[in-house]
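Read the structure below first, then the notes.
Printed below as a string of structure tokens:
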């Protein structure tokens with residue numbers, strides 16, 4: 132079972148994290164499997180920063196008592212931890228490497244926030260009931276948030292100019308995960 136998934140379109144590789152505390156990589160057909168890094172505890176919400184050769188993720192302790200934003204080089208070296216947050220706070224991470232900001236959901240506060248790589252200047256951007264997934268299109272200055280209550284909301288990266296793109300709340304549908312194809316301008 133996978134906890135996080137990322138695709139590298141340059142090398143046609145899939146990265147995923149497992150409950151066994153590993154981040155893995157393989158070709159898109161499943162061949163050439165290798166463990167990139169192990170002994171992480173939980174690694175949720177993988178984000179591939181291909182330009183800088185990094186994988187960012189939410190790292191949880193084995194007993195789930197603490198969660199930190201962390202990264203590792205795509206070759207498995209250079210494990211680094213950034214900001215620690217309470218475990219109930221978040222499960223989705225998006226990264227703006229150029230601006231050196233992390234974007235994430237706070238489930239217990241119904242908020243999407245961002246914070247600098249050095250853990251300074253946390254800002255609450257959008258208040259939504261049960262935000263489940265956070266994704267960025269930095270080239271278009273856009274933030275997208277799916278919710279467990281059935282909404283897909285788009286906004287500018289600072290949270291302004293919010294618009295509801297999909298509303299499935301009356302259908303009792305949850306939107307748990309989304310993926311962006313920024314080149315062809317699709318949301319999946």
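Numbering (our numbering), first residue to last: 132 to 319. Heads up, the beta-carbon is just placed ideally off N, CA and C, and yes, glycines get one too.
With respect to residue 260, residue 236 sits apart: the two C-beta atoms are not nearer than 9 Å. Non-local beta-carbon contacts of residue 208 in its own chain, meaning distances under 8 Å to residues more than five positions away in sequence, are absent.
Short of 6 Å from the beta carbon of residue 288, and not among the five residues preceding or following it, lie these beta carbons of its own chain, in chain order: 272 and 274. Separation of residue 215 and residue 199 (C-alpha to C-alpha, rounded to the nearest whole angstrom) is 4 Å. Between residue 277 and residue 263, the C-beta gap is smaller than 9 Å, which places the two residues in contact. Taking the CA atoms as reference points, residue 249 sits about 32 Å from residue 157.
Taking C-alpha positions only, residue 316 is separated from residue 140 by approximately 16 Å. Boundaries of the beta strand (DSSP E) around residue 190: 185-191. In its chain, beyond the 5 residues on either side, 153, 154, 203, 207 and 210 have a beta carbon closer than 8 Å to the beta carbon of residue 168. The residues 281, in chain order, have a CB closer than 8 Å to that of residue 302 in the same chain once the five nearest residues on each side in sequence are set aside. In this structure, DSSP gives residue 271 a helical state, which the three-state scheme calls helix.
In the DSSP assignment, residue 258 falls within the unbroken beta strand (DSSP E) covering 254-258.
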